[in-house]
Amino acid sequence: MRKSYPKEVFLNGQWLPHDQATVSVFDRGFMLGDGIYEVIPFYQNKLFTPDEHIQRLKAGLAEVGIAYDVDSLKTTASEAVVRAGCNEGAVYIQITRGAAPRTHYFPADVEPTVLLYAFHLSLGGFEQKLVDVILSEDFRWHRCNIKSISLIANVLANNFAHQQGVLENVLIRNGLVTEGSCTSVFFVRNGIVYTHPEGPHILPGITRNLVILLCGEMGIEVEEKAISVNDLPFGDEAFLTGTTMQVTAIGSMRIGSEQLVVSTDVGQVTRRIQQAFIKRIEAL
Ligand SMILES: Cc1ncc(COP(=O)(O)O)c(C=O)c1O
Numbered sequence: 018m019r020k021s022y023p024k025e026v027f028l029n030g031q032w033l034p035h036d037q038a039t040v041s042v043f044d045r046g047f048m049l050g051d052g053i054y055e056v057i058p059f060y061q062n063k064l065f066t067p068d069e070h071i072q073r074l075k076a077g078l079a080e081v082g083i084a085y086d087v088d089s090l091k092t093t094a095s096e097a098v099v100r101a102g103c104n105e106g107a108v109y110i111q112i113t114r115g116a117a118p119r120t121h122y123f124p125a126d127v128e129p130t131v132l133l134y135a136f137h138l139s140l141g142g143f144e145q146k147l148v149d150v151i152l153s154e155d156f157r158w159h160r161c162n163i164k165s166i167s168l169i170a171n172v173l174a175n176n177f178a179h180q181q182g183v184l185e186n187v188l189i190r191n192g193l194v195t196e197g198s199c200t201s202v203f204f205v206r207n208g209i210v211y212t213h214p215e216g217p218h219i220l221p222g223i224t225r226n227l228v229i230l231l232c233g234e235m236g237i238e239v240e241e242k243a244i245s246v247n248d249l250p251f252g253d254e255a256f257l258t259g260t261t262m263q264v265t266a267i268g269s270m271r272i273g274s275e276q277l278v279v280s281t282d283v284g285q286v287t288r289r290i291q292q293a294f295i296k297r298i299e300a301l
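As structure tokens, then:
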């Protein structure tokens, strides 16, 4: 699907038409992928879980030593929603270390480059979808908890899925499912919900954490435990979570030439979680 540019963007403190917003070719985001990003969804013109996203952004910047005070960005994100003039979508935030003559080490005295904009996205109807996925080797680094703009490994994984005619690539490290190229992954077996524990091999998904919270509220047991690829045929349900994917059921999984049908309909536990998620959105 071809996407369009946002009308305007917030760049280093200024709102600009998108085609007038420029950064140096020596920006370390451009040169080295040296930066952190965040995506905050909005529904009915209101940001959804903004504090959690801002907190993760703060943690990511601290992990990579970019000094920038993110606290004002929540207000800027709300302003972006108003300016975008659409009632659902997402706000993209990117902070790079800034522009400086190219070095691998951190340059002194650089100002971070801060970009933020809102864009429209149709977020409804996820509960009716079943997505097909492929599984392949997780060849990313060991600091996947950082929401780095260096996404080449995720891009290759996701593009491979698209080339295979499916939406997501679910990744396997040492025989265990970690997460998708741009989503968190959950499995359900005998009424228990499983997902990979937080740590260096997954992004601490905001939607993932909300799903775990909602399960707790509904008395659905959750085990943060990595699932072996060999156990996948014995699961009852599987679903993906993410800011733009929300809570979407998996219909089938393909591992090499082996096709594993998970479900032809959204599973019972997945459905309950989806309904609780929708209630949260409606309560905004
Ligand atoms: C690798 C990866 N895992 C999980 C997620 C889901 O995270 P969230 O729920 O915060 O959108 C994303 C979202 O971009 C991601 O890129």
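Its first residue numbered 18, the sequence shown is counted upward by one per residue in this note's numbering. A virtual CB, placed ideally from N, CA and C, is assigned to each residue, including glycine.
Relative to the alpha-carbon of A107, which residue among D44, S139, E69 has its alpha-carbon at the smallest distance?
As a working note, residue 107 is residue 90 in the sequence shown. For A107, the closest of D44, S139, E69 by C-alpha to C-alpha distance is S139.
Distance check for E55 and L64, CA to CA, integer angstroms please.
As a first step, residue 64 is located in the sequence shown; it is residue number 47 there, counting from the start. As a first step, residue 55 is located in the sequence shown; it is residue number 38 there, counting from the start. Rounded to whole angstroms, L64 to E55 spans 13 Å at the Cα level.
Tell me the DSSP secondary structure of M262 in three-state form.
Numbered from its first residue, the sequence shown carries residue 262 at position 245. Looking at M262 - three-state DSSP - the assignment turns out to be coil, as it is neither helix nor strand.
My assumption, with CB atoms under 8 Å, is that G197 sits in contact with V187. Please give the rounded CB distance.
Locating residue 197 in the sequence shown gives position 180, where the first residue counts as 1. Locating residue 187 in the sequence shown gives position 170, where the first residue counts as 1. Correct: roughly 5 Å between the Cβ atoms.
Measuring only the C-alpha atoms, how far is A306 from V150?
With the chain represented from 18 up to 301, any question about residue 306 goes unanswered, as that position is not in the structure.
With DSSP as the reference, please indicate the residues paired to P34 in a beta bridge.
By 1-based counting over the sequence shown, the position of residue 34 is 17. As DSSP reads the structure, P34 sits in a beta bridge with E25.
Taking Cβ positions, are V286 and E254 nearer each other than 8 Å?
Here residue 286 refers to the residue found at position 269 when the sequence shown is read from its first residue. Here residue 254 refers to the residue found at position 237 when the sequence shown is read from its first residue. Yes, Cβ-Cβ distance for V286 and E254 is below 8 Å.
Supposed close pair A135, V98 - CB separation, criterion 8 Å
Here the question's residue 135 lines up with position 118 in the sequence shown. Here the question's residue 98 lines up with position 81 in the sequence shown. Approximately 5 Å separates the beta-carbon atoms of A135 and V98; this is inside 8 Å, confirming the contact.
Closer than 7 Å to a non-hydrogen atom of ligand 1 - does that hold for the CB of E196?
In the sequence shown, counting from the first residue as 1, residue 196 sits at position 179. Residue side-chain check: E196 places its Cβ nearer than 7 Å to a non-hydrogen atom of ligand 1.
At the level of alpha carbons, what is the spacing between I53 and K296?
For the purposes of this step, residue 53 is taken as residue 36 along the sequence shown, with counting starting at 1. For the purposes of this step, residue 296 is taken as residue 279 along the sequence shown, with counting starting at 1. One C-alpha to the other measures close to 31 Å.
When every heavy atom of ligand 1 is checked, does at least one fall within less than 7 Å of the C-beta of I223?
Translated into the one-based positions of the sequence shown, residue 223 becomes position 206. Yes, ligand 1 has a heavy atom inside 7 Å of this Cβ.
V56 CB to nearest heavy atom of ligand 1 below 7 Å:
Here the question's residue 56 lines up with position 39 in the sequence shown. Answer for V56: yes, Cβ within range of ligand 1.
Using only the alpha-carbon positions, how far apart do L193 and Y60 sit?
Counting from 1 along the sequence shown, the entry for residue 193 is found at position 176. Counting from 1 along the sequence shown, the entry for residue 60 is found at position 43. Cα to Cα, the separation comes out at about 34 Å.
What's the call for F43, buried or exposed, on a 16-neighbour Cβ count within 10 Å?
The residue given as residue 43 occupies position 26 in the sequence shown. With a threshold of 16 other beta carbon atoms within 10 Å, F43 falls short and is exposed.
Per DSSP, which residues does H137 bridge with? Please list them.
One-based indexing of the sequence shown puts residue 137 at position 120. Per DSSP, G106.
From which residue to which residue does the beta strand (DSSP E) around N207 run?
In the sequence shown, residue 207 corresponds to position 190, counting from 1. The continuous stretches of beta strand (DSSP E) do not include N207, and DSSP gives it neither H nor E.
Does the beta-carbon of T258, which I'm using as the reference point, lie nearer than 7 Å to any heavy atom of ligand 1?
The residue given as residue 258 occupies position 241 in the sequence shown. Yes, the beta carbon of T258 sits closer than 7 Å to at least one heavy atom of ligand 1.
Could you pull out every unbroken beta strand (DSSP E) segment of at least 3 residues lying fully inside the segment 34 to 95, listed in chain order?
Fully enclosed beta strand (DSSP E) runs of 3 or longer: 52 to 60.
Under three-state DSSP, which class holds A116?
If you number the sequence shown from 1, residue 116 lands on position 99. In this structure, A116 counts as strand in the three-state DSSP scheme.
Can you tell me whether E299 is buried or exposed, with buried defined as 16 or more other CB within 10 angstroms of its CB?
In the sequence shown, residue 299 corresponds to position 282, counting from 1. E299 counts as exposed, since fewer than 16 other beta carbons sit within 10 angstroms of its beta carbon.
Within 10 angstroms of the Cβ of L249, are there 16 or more other Cβ atoms? Answer buried if so, exposed if not.
If you number the sequence shown from 1, residue 249 lands on position 232. So L249 ends up on the buried side.
Taking Cβ positions, are V26 and L173 nearer each other than 8 Å?
In the sequence shown, residue 26 corresponds to position 9, counting from 1. In the sequence shown, residue 173 corresponds to position 156, counting from 1. Going by beta carbons, V26 and L173 fall outside the 8 Å limit.
Count the other C-beta atoms from every protein chain shown that fall within 10 angstroms of the C-beta of N171, then say buried if there are 16 or more, exposed otherwise.
The count along the sequence shown starts at 1 and reaches residue 171 at position 154. Counting the other CB atoms within 10 Å of its CB gives N171 a total of 16 or more, which places it among the buried residues.
Integer-rounded CB distance, given that A101 should sit under 8 Å from P23:
Mapped onto the sequence shown, residue 23 falls at position 6. Mapped onto the sequence shown, residue 101 falls at position 84. Beta-carbon to beta-carbon, P23 and A101 are separated by about 7 Å, close enough to satisfy the 8 Å threshold.
Examine ligand 1 and report whether any of its heavy atoms sits within less than 7 Å of the Cβ of T212.
Walking along the sequence shown from the start, residue 212 turns up at place 195. Flag unset: Cβ of T212 not near ligand 1.
Would you identify the three-state DSSP class for N186, choosing helix, strand or coil?
By one-based count along the sequence shown, residue 186 stands at place 169. For N186, the secondary structure class from DSSP, reduced to helix, strand or coil, is strand.
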